[in-house]
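Protein chains in written order, with the working numbering: chain A, 194 to 318; chain B, 3 to 282. What follows is a single structure, written as structure tokens, with notes after it.
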């Protein structure tokens, strides 16, 4: 019953995947570009700029609402609400992003109820 | 004594909870010795230092992070008739959590447990192989918020599962020479969400004849259906029997030392209990 490596022998190794800029293309020509302004960790407030474009043009999202939230599937909970500030058409500043524990998280970026882009993040410190 | 119990009720914690952000394993709430009643006053300190993911990889908290829980508990088990017992456990805790820029400290009641136990396999005559056997039913009432309705950004107000549960289990004990062996299994169903949790404790206690000191090891395998949580809690304890009516127990447990752990918290707990008993 105690088969398998115990946690103290199976520590996660940092993959150094913390690139600060990422682009995700989703349906209907939408594209999300993520530019992290801070390190992704449990020790600092995360800040992120999201650029939303459609067919290469910044999208004002006239009939849609942009939402963002964190979730940790493995533990079945999320985190506190992310503060979203619209800087200009298609450009949003996300603040108060708190990864309250290390491990695998999912950042959800959603457009009304049409799209929900799930971006996996591994928080190692 | 009444004043002491009142103070404990005002200031105390419990260990039955959802595994993330507040949980742990349970004690058996069963009288095993020749006593009519046992009352245990306990204090414990739990330090959460990380968690594991769905692949079993361990993530440790930053060294500057703090996630602790100080608890007081009151537990009583009573023999109400031959082979029939009832038990009650209450607790009160303080959680102190600091994760990066977020910090919170909260106090609250832990989950309360009531239990009825029947000794279906008593040891009325000596047998080399036949153990003592107990079956029990338990109800757990939650007094705190769950991680889903917590008002604290770091779940400092989560002191238990956040919902009531019903459970049933069994425990077998057998003494060979100076060693007492225990093996049990417990199944609990959460009444609101409907998922189940199981705990499989096993352990041994070594006591030298005429010695006031005994030592032992415990290992409990815990599985929760929600989020497929599984982990082992390994513990060691030392008991000091001051006299026939009073025993002190110091214990340490850790969830990172043994077996595969999935989606589970990594924590260590140190506890000190004073167990008062009344003989038959």
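Here a beta-carbon is modelled for each residue, glycine too, at the ideal position from N, C-alpha and C. For clarity, every value in this text was computed on a predicted model and none was experimentally measured.
Quick one: using the 10 Å Cβ neighbour count with 16 as the cut-off for buried, is residue 298/A buried or exposed?
Position 105 of the first chain, counting from 1, holds the residue named residue 298/A. Under this definition residue 298/A is a buried residue.
Does residue 197/B come out as helix, strand or coil in the three-state DSSP assignment?
Residue mapping note: residue 197/B aligns to position 195 of the second chain, counting from 1. Three-state result, residue 197/B: coil.
Inspect the CB distances between the segment 241 to 260 of chain A and the segment 130 to 147 of chain B and report whether three or more fall short of 8 Å.
Cβ pair count under 8 Å is below three, so no.
Quick one: what does DSSP say residue 25/B is sitting in, helix, strand or coil?
Counted from its first residue, the second chain places residue 25/B at position 23. Because residue 25/B sits at a pLDDT of 49, beneath the cut-off of 50, its placement in the model cannot be relied upon, and the point is left open.
What separation, rounded to the nearest whole angstrom, lies between the Cα atoms of residue 262/B and residue 268/B?
The residue given as residue 262/B occupies position 260 in the second chain. The residue given as residue 268/B occupies position 266 in the second chain. For residue 262/B and residue 268/B, the distance between alpha carbons rounds to 12 Å.
Do residue 2/B and residue 226/B have their C-beta atoms closer together than 8 Å?
Residue numbering for chain B in the displayed model covers 3 to 282; residue 2/B lies beyond these limits and cannot be assessed.
Whose C-alpha, out of 119/B, 103/B and 248/B, is nearest the C-alpha of residue 174/B?
Here residue 174/B refers to the residue found at position 172 of the second chain. Cα-wise, what sits closest to residue 174/B is 119/B.
Contact criterion: CB-CB distance below 8 Å. Does residue 204/A meet it with respect to chain B?
Here residue 204/A refers to the residue found at position 11 when the first chain is read from its first residue. Closer than 8 Å to some Cβ of chain B, the Cβ of residue 204/A qualifies, so yes.
Among 90/B, 220/B, 148/B and 157/B, which one has its Cα closest to the Cα of residue 50/B?
Residue mapping note: residue 50/B aligns to position 48 of the second chain, counting from 1. Comparing Cα-Cα distances from residue 50/B to each of 90/B, 220/B, 148/B and 157/B, the minimum goes to 157/B.
Give me whichever residues DSSP pairs with residue 93/B in a beta bridge.
In the second chain, residue 93/B corresponds to position 91, counting from 1. Beta-bridge pairing links residue 93/B to 75/B.
Mind pulling the chain B residues with CB within less than 8 Å of residue 219/A?
Here residue 219/A corresponds to residue number 26 of the first chain, with the count starting at 1. In chain order: nothing, as chain B lies at least about 25 Å away.
Using DSSP with H/G/I as helix, E/B as strand and the rest coil, what is residue 237/B?
Working through the second chain from its first residue, we reach residue 237/B at position 235. Here residue 237/B sits in strand by DSSP.
Give me, in chain order, the residues of the same chain whose beta-carbon lies closer than 7 Å to that of residue 209/B; leave out the 5 immediate sequence neighbours on both sides.
Here residue 209/B refers to the residue found at position 207 when the second chain is read from its first residue. Closer than 7 Å at Cβ, skipping near neighbours: 180 and 216.
When you check each C-beta in the segment 260 to 276 of chain A against every C-beta of chain B, which residues fall closer than 8 Å?
Within the segment 260 to 276 of chain A, the qualifying residues are 266, 267, 268, 269, 270, 272 and 273.
Taking Cβ positions only, does residue 60/B come closer than 8 Å to chain A?
Working through the second chain from its first residue, we reach residue 60/B at position 58. Yes, contact with chain A.
Got a sec, what are the start and stop residues for the beta strand (DSSP E) residue 217/B sits in?
One-based indexing of the second chain puts residue 217/B at position 215. Element bounds for residue 217/B: 215 to 226.
Would you grab the beta carbon distance between residue 169/B and residue 188/B for me? Rounded to a whole angstrom, and I think it's under 8 Å.
As a working note, residue 169/B is residue 167 in the second chain. As a working note, residue 188/B is residue 186 in the second chain. About 6 Å; that satisfies the 8 Å criterion.
Assuming residue 307/A and residue 257/A make a contact with CB atoms under 8 Å, what is their CB distance in whole Å?
Against the first chain, residue 307/A aligns to sequence position 114. Against the first chain, residue 257/A aligns to sequence position 64. Residue 307/A to residue 257/A, Cβ: 7 Å. Contact.
Whose Cβ in chain A lies nearer than 9 Å to the Cβ of residue 101/B?
Mapped onto the second chain, residue 101/B falls at position 99. What residue 101/B touches in chain A: 235, 236, 291, 292, 293 and 294.
Kindly list, in the order they appear in chain B, the residues whose Cβ is closer than 8 Å to that of residue 199/A.
Reading the first chain from its first residue, position 6 is the one you call residue 199/A. The contacting residues are 234, 258, 259, 260, 261, 262 and 263.
Kindly say whether residue 150/B, judged by its beta-carbon, lies nearer than 8 Å to any beta-carbon of chain A.
Working through the second chain from its first residue, we reach residue 150/B at position 148. Yes - at least one Cβ of chain A is within 8 Å of the one on residue 150/B.
Pull up the distance between the alpha-carbon of residue 55/B and that of residue 264/B, whole angstroms please.
Here residue 55/B is taken as the residue at index 53 of the second chain, counted from 1. Here residue 264/B is taken as the residue at index 262 of the second chain, counted from 1. Cα to Cα, residue 55/B sits roughly 6 Å from residue 264/B.
Assign residue 296/A to one of two classes, buried (16 or more other C-beta atoms within 10 Å of its C-beta) or exposed (fewer than that).
Reading the first chain from its first residue, position 103 is the one you call residue 296/A. Counting Cβ neighbours within 10 Å, residue 296/A comes out buried, since at least 16 surround it.
Within its chain, find whatever has a CB closer than 7 Å to the CB of residue 33/B; leave out the 5 residues flanking it on each side and keep chain order.
By 1-based counting over the second chain, the position of residue 33/B is 31. Same-chain partners within the cutoff: 40, 79, 81 and 87.
Fully enclosed by the segment 144 to 200 of chain B, which beta strand (DSSP E) runs are 3 residues long or longer?
Here the runs fully enclosed are 167 to 178 and 181 to 192.
Is there a C-beta anywhere in chain A that falls below 8 Å from the one on residue 175/B?
The residue given as residue 175/B occupies position 173 in the second chain. No - not a single Cβ of chain A is within 8 Å of the one on residue 175/B.
Classify residue 251/A as helix, strand or coil using the three-state DSSP reduction.
Walking along the first chain from the start, residue 251/A turns up at place 58. Correct three-state label for residue 251/A: strand.
Determine the direct distance from the alpha carbon of residue 243/A to that of residue 283/A, and round the result to whole angstroms.
Translated into positions along the first chain, residue 283/A becomes position 90. Translated into positions along the first chain, residue 243/A becomes position 50. Using only the alpha carbons, I get a separation of about 8 Å.
Using a Cβ cut-off of 8 Å (strictly closer), state whether residue 317/A contacts chain B.
The residue labelled residue 317/A in the question sits at position 124 within the first chain. Cβ-Cβ to chain B under 8 Å: yes for residue 317/A.
With DSSP collapsed to three states, give me the class of residue 7/B.
Your numbering for residue 7/B matches position 5 in the second chain. In this prediction, residue 7/B has a pLDDT of 39, which is less than 50 and means its spatial position is unreliable; what the coordinates show is noted afterwards. If DSSP states are grouped into helix, strand and coil, residue 7/B belongs with the helices.
What's the gap between the Cα of residue 259/A and the Cα of residue 277/A?
Stepping through the first chain from its first residue, residue 259/A is reached at position 66. Stepping through the first chain from its first residue, residue 277/A is reached at position 84. Each residue's alpha carbon lies about 9 Å from the other.
Please identify, using Cβ separations under 7 Å, the residues of the segment 53 to 83 of chain B that lie next to chain A, in order along the chain.
Here the close residues are 53, 54, 55, 56, 58, 59, 60, 61, 62, 63, 64, 66 and 67.
Going along chain B, which residues have a C-beta under 7 Å from residue 313/A?
Here residue 313/A refers to the residue found at position 120 when the first chain is read from its first residue. Going along chain B, no residue has its Cβ under 7 Å from residue 313/A, so there is no contact; the nearest lies around 11 Å.
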